[in-house]
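These notes are about the structure you will find just below.
Rendered as structure tokens:
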């Protein structure tokens with residue numbers, strides 16, 4: 003959905019290699035989470051078993067379970083409930099990836115063919131549904147609070163995605179609407195991952211609320227950085243690429259900022275260029291974004307969320323895991339791929 | 003998904019008119035269920051609010067909540083938990099309808115344009131997802147048992163649908179595979195509706211198990227009848243229509259039976275006709291089905307499930323609702339539209 007886990011060759015064959023995500027202290031717990039994920043779907047035979055097997059190629063950095071486990075460790079002890087809930091958030095994320103590939107008509111993910119290309123759109127839609135229902139069923143093996151939290155978070159994820167699709171082509175999208183979209187599609191799941199990590203390690207309500215804020219701000223910073231990465235080609239290559247978001251007329255923060263900064267006439271001229279989307283207009287879009295300081299503006303906003311995330315961590319005692327959670331905020335907002 | 007609620011002009015405009023489903027004693031409870039359904043989605047504004055509003059056109063007989071409420075009344079008292087769970091099963095059913103219309107590229111449902119035609123496939127996929135997540139969230143407002151039951155049932159629904167799509171074009175589909183498909187895509191949700199109706203009315207485990215068997219058998223009878231209706235044109239009109247299932251190379255019980263009854267050579271000839279699917283071959287298919295007694299065979303199997311369903315009801319004391327549940331089995335297996 004959000005390319006929150008950019009493709010990394012080390013994972014292309016599903017083997018366990020070091021990741022840029024520093025998950026050292028929870029590596030064994032992450033393995034336990036993987037086992038819950040796999041065993042949940044292990045009983046499916048052909049033809050569904052083939053789709054399940056294919057998922058091993060989709061495995062990325064597992065940011066959400068890593069976040070959940072690091073927070074748990076920073077707050078107290080990692081429990082079997084955390085392993086289950088780690089599998090739940092990863093399964094929901096995977097379900098959204100499978101559906102996103104249908105939405106985007108994507109043909110490859112992590113160097114292998116997507117479910118929609120290999121088995122068709124129909125199977126991909128139903129397989130995404132099946133992953134959603136298994137994630138919900140799995141959360142019901144923990145307790146009703148987990149079901150409520152997962153239910154609320156996934157409502158927000160789907161509403162954010164649906165709003166994004168519905169607003170595609172709206173070249174007057176407001177900044178508030180943009181934040182509503184990314185708050186749902188990305189931050190809801192990082193927020194609930196951090197919240198559950200804390201709650202199921204026995205953290206009190208106030209600490210859990212702080213860690214939820216950490217997860218939410220991390221997600222927002224991550225998504226702004228992701229949207230910047232999508233555009234950055236147009237900045238560095240003087241308009242040779244415009245990014246897939248703009249090709250799909252999906253406005254992101256820098257473009258919304260530029261449209262607000264320009265005079266009404268200039269903004270409308272930029273909208274005309276965005277509407278046609280052909281390569282000849284890309285230099286115009288890129289220079290409008292640079293001239294209005296819109297890349298810098300978006301970076302500043304991402305940094306703001308990064309700072310909020312770090313400041314939420316001050317409720318925790320110093321520990322190796324807290325330090326990693328701090329580093330994670332830098333990594334989120336300043337990725338280069 | 004299963005056309006379990008065939009279009010009925012009385013419902014096309016969303017107004018409350020008598021249905022062929024005899025739900026009299028639970029009419030007020032069904033209204034309460036409708037209110038839970040509506041209020042769950044009421045807070046969405048444009049653009050999502052527009053999709054939510056569109057759902058009023060999709061309202062059919064509400065077989066699943068009706069079943070849940072009739073069972074509850076037959077076992078004891080209808081409670082607010084039943085109203086919530088009635089909304090849950092209807093919302094899951096609606097989610098599958100929205101996705102089914104994408105899968106089938108359907109352009110109308112109940113005389114209005116489908117979500118996929120009106121808002122596009124992308125919005126329809128995400129809106130279906132949103133309905134699923136809201137249904138799960140709603141079940142978490144009841145208790146963890148409801149989440150477990152709904153989780154298990156929806157796993158079966160999606161696996162059944164996915165198996166059906168994956169087996170499309172398999173002209174050697176076995177009867178066992180056919181029953182596995184309809185057990186998931188149709189019977190899992192009628193089973194859990196009846197089970198929850200009983201459990202939340204305070205029924206003991208044994209009675210709840212009997213009523214679950216009632217719901218499951220009712221669903222199986224219903225789906226066989228539905229599949230027969232899809233084919234019946236080819237019987238009555240000497241091959242003028244072949245039914246959408248066969249157009250999609252989706253084998254159903256009568257065809258599976260005919261292929262098993264014919265000699266290997268004749269069966270392969272029939273498979274060749276099914277493969278091409280053109281109108282000139284429909285008379286051949288229709289007569290093969292009639293000659294092998296395959297329509298009668300499917301009707302006998304549906305009647306068998308109907309009898310099982312009725313016999314499961316004997317655990318209940320005589321009551322108006324029990325009588326209606328008995329009548330429902332006749333209605334399920336012998337519908338003419």
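Chains as they are written, first to last, in this note's numbering: chain H, 3 to 339; chain F, 3 to 339. The beta-carbon is built from N, C-alpha and C at its ideal position, and this holds for glycine as well.
Practice item. Select from 139(H), 161(H), 66(H) the residue whose C-alpha is nearest the C-alpha of residue 363(F). Key: Within the shown structure, residues of chain F are numbered from 3 to 339, placing residue 363(F) beyond reach of any answer.
Review point. With 8 Å set as the bound, which would you pick, yes or no: does the beta-carbon of residue 327(F) sit closer than that to a beta-carbon of chain H?
Key: Along the second chain, read from residue 1 onward, the residue named residue 327(F) stands at position 325. Chain H, which has no Cβ nearer than 8 Å to the Cβ of residue 327(F), makes this no.
Check your understanding: Taking DSSP as the reference, what is the three-state secondary structure of residue 284(F)?
Key -> Against the second chain, residue 284(F) aligns to sequence position 282. Reduced to three states, the DSSP call for residue 284(F) is helix.
Review point. Residue 131(F): which of 54(F), 72(F), 275(F), 204(F) sits nearest, CA to CA?
Key: In the second chain, the residue the question calls residue 131(F) occupies position 129. It is 54(F).
Check your understanding: Are the Cβ atoms of residue 35(H) and residue 67(H) separated by less than 8 Å?
Key -> Start at 1 with the first residue of the first chain, and residue 35(H) comes out as number 33. Start at 1 with the first residue of the first chain, and residue 67(H) comes out as number 65. Going by C-beta atoms, residue 35(H) is nearer than 8 Å to residue 67(H).
Review point. What did DSSP end up calling residue 115(H) once you bin it into helix, strand or coil?
Key: For the purposes of this step, residue 115(H) is identified with residue 113 of the first chain, where counting begins at 1. Here residue 115(H) sits in strand by DSSP.
Practice item. Quick one: list the residues of chain F neighbouring residue 256(H), beta-carbon separation under 9 Å, in chain order. Key: The residue labelled residue 256(H) in the question sits at position 254 within the first chain. Under the 9 Å cutoff, chain F gives no residues; its nearest Cβ is about 23 Å from residue 256(H).
Point to revise | Paired residues, beta bridge with residue 68(H) - DSSP | key: Within the first chain, numbered from 1, the residue matching residue 68(H) stands at position 66. None, per the DSSP bridge assignment.
Practice item. Count the C-beta pairs between the segment 287-302 of chain F and the segment 219-230 of chain F that are closer than 8 Å, then say yes if the count reaches three, no if not. Key: yes
Check your understanding: Are any of the Cβ atoms in chain H nearer than 8 Å to that of residue 136(F)?
Key -> Here residue 136(F) refers to the residue found at position 134 of the second chain. Output row for residue 136(F): interface = yes.
Check your understanding: For residue 143(H), which three-state DSSP category applies?
Key -> Translated into the one-based positions of the first chain, residue 143(H) becomes position 141. Residue 143(H): coil per DSSP, three-state reduction.
Point to revise | Assigned secondary structure, residue 48(F) (DSSP; H/G/I helix, E/B strand, else coil) | key: To locate residue 48(F), count along the second chain from 1; it is residue 46. In the structure shown, residue 48(F) sits in coil (DSSP, three-state: anything other than H, G, I, E or B).
Exercise for review: Indicate whether at least one CB of chain F lies closer than 8 Å to the CB of residue 283(H).
Suggested key: Here residue 283(H) refers to the residue found at position 281 when the first chain is read from its first residue. It does not: the Cβ of residue 283(H) has no partner Cβ on chain F nearer than 8 Å.
Review point. In chain order, what residues of the same chain have a beta carbon less than 7 Å from the beta carbon of residue 322(H), not counting five sequence neighbours either side?
Key: Position 320 of the first chain, counted from the start, is the residue given in the question as residue 322(H). Answer for residue 322(H): 27, listed in chain order.
Review point. Excluding five sequence neighbours on each side, which residues of the same chain lie with their C-beta closer than 8 Å to the C-beta of residue 332(H)?
Key: Position 330 of the first chain, counted from the first residue, corresponds to residue 332(H). Around residue 332(H): 308.
Check your understanding: Taking Cβ positions only, does residue 153(F) come closer than 8 Å to chain H?
Key -> Counting from one through the second chain, the residue named residue 153(F) turns up at place 151. Closer than 8 Å: yes.
Check your understanding: Who are residue 325(H)'s beta bridge partners in DSSP?
Key -> Taking the first residue of the first chain as position 1, residue 325(H) is located at position 323. In the DSSP output, where bridge partners are listed per residue, residue 325(H) has none listed.
Exercise for review: Could you list the residues in the segment 90-117 of chain F with a C-beta less than 7 Å from some C-beta on chain H, going in chain order?
Suggested key: 101, 104, 105
Review point. Quick check: the segment 109-120 of chain H against the segment 44-51 of chain H, are there 3 or more CB pairs under 8 Å?
Key: no
Review point. Among the residues of its own chain, which have a CB less than 7 Å from the CB of residue 250(H), if the five just before and after it don't count?
Key: Against the first chain, residue 250(H) aligns to sequence position 248. Excluding positions up to five away in sequence, the list reads 170.
Check your understanding: Does residue 207(H) come within less than 8 Å of chain F when only Cβ atoms are used?
Key -> In the first chain, the residue the question calls residue 207(H) occupies position 205. Residue 207(H) does not count as touching chain F.
Point to revise | Amino acids of chain F, ordered along the chain, whose beta-carbon sits closer than 8 Å to that of residue 163(H) | key: Here the question's residue 163(H) lines up with position 161 in the first chain. The answer, in chain order, is 128, 131.
**Study point:** chain C contacts made by the segment 46-72 of chain H, where a contact means CB separation under 8 Å
**Key:** As a matter of chain content, chain C is missing from the structure shown, whose protein chains are H and F.
Review point. Which two residues bound the contiguous alpha helix (DSSP H) that contains residue 102(H)?
Key: On the first chain, residue 102(H) is found 100 positions in, with the first residue counted as 1. Note, residue 102(H): alpha helix (DSSP H), 82-105.
**Study point:** Among 203(H), 147(H), 120(H), 202(H), the one whose alpha carbon lies nearest that of residue 103(H)
**Key:** Here residue 103(H) refers to the residue found at position 101 when the first chain is read from its first residue. Of the listed residues, the one whose Cα sits closest to residue 103(H) is 120(H).
Point to revise | Separation of residue 286(H) from residue 129(H), as counted between CA atoms | key: Sequence index remark: in the first chain, residue 129(H) carries index 127 (1-based). Sequence index remark: in the first chain, residue 286(H) carries index 284 (1-based). Each residue's Cα considered, the two are about 42 Å apart.
Review point. With C-beta atoms as the reference, is residue 166(F) less than 8 Å away from residue 183(F)?
Key: Locating residue 166(F) in the second chain gives position 164, counting from the first residue. Locating residue 183(F) in the second chain gives position 181, counting from the first residue. Closer than 8 Å, so yes.
Review point. Using the C-alpha atoms, what's the distance from residue 25(H) back to residue 234(H)?
Key: If you number the first chain from 1, residue 234(H) lands on position 232. If you number the first chain from 1, residue 25(H) lands on position 23. Using only the alpha carbons, I get a separation of about 28 Å.
Practice item. Could you give the DSSP three-state label for residue 294(H): helix, strand or coil? Key: As a first step, residue 294(H) is located in the first chain; it is residue number 292 there, counting from the start. If DSSP states are grouped into helix, strand and coil, residue 294(H) belongs with coil.
Review point. By the 10 Å Cβ neighbour count, where 16 or more other Cβ atoms means buried, how is residue 33(F) classified, buried or exposed?
Key: Position 31 of the second chain, counted from the first residue, corresponds to residue 33(F). Label assigned to residue 33(F): exposed.
Review point. DSSP beta-bridge partners for residue 110(H)?
Key: As a first step, residue 110(H) must be located in the first chain, where it is residue number 108. Note: residue 110(H) sits in a beta bridge opposite 115(H).
Practice item. Could you list which residues in chain F have their beta carbon closer than 7 Å to that of residue 174(H), in chain order? Key: Working through the first chain from its first residue, we reach residue 174(H) at position 172. Near residue 174(H) there are no residues of chain F at all, since even the closest Cβ is about 13 Å away, more than 7 Å.
Point to revise | Short Cβ contact (8 Å threshold) for residue 96(F) with residue 43(F) | key: Looking up residue 96(F) in the second chain gives position 94. Looking up residue 43(F) in the second chain gives position 41. No. Outside cutoff.
Check your understanding: Looking only at C-alpha atoms, which of 312(F), 125(F), 320(F) sits nearest to residue 330(F)?
Key -> Here residue 330(F) refers to the residue found at position 328 when the second chain is read from its first residue. Residue 312(F) is the option with its Cα nearest to residue 330(F).
Exercise for review: Rank 100(F), 71(F), 101(F), 77(F) by C-alpha distance to the C-alpha of residue 89(F) and give the top, closest one.
Suggested key: Numbered from its first residue, the second chain carries residue 89(F) at position 87. Nearest C-alpha to residue 89(F): 71(F).
Practice item. In the DSSP assignment, find the unbroken alpha helix (DSSP H) run with residue 319(F) in it and report its ends. Key: Locating residue 319(F) in the second chain gives position 317, counting from the first residue. Run containing residue 319(F): none; DSSP gives neither H nor E here.
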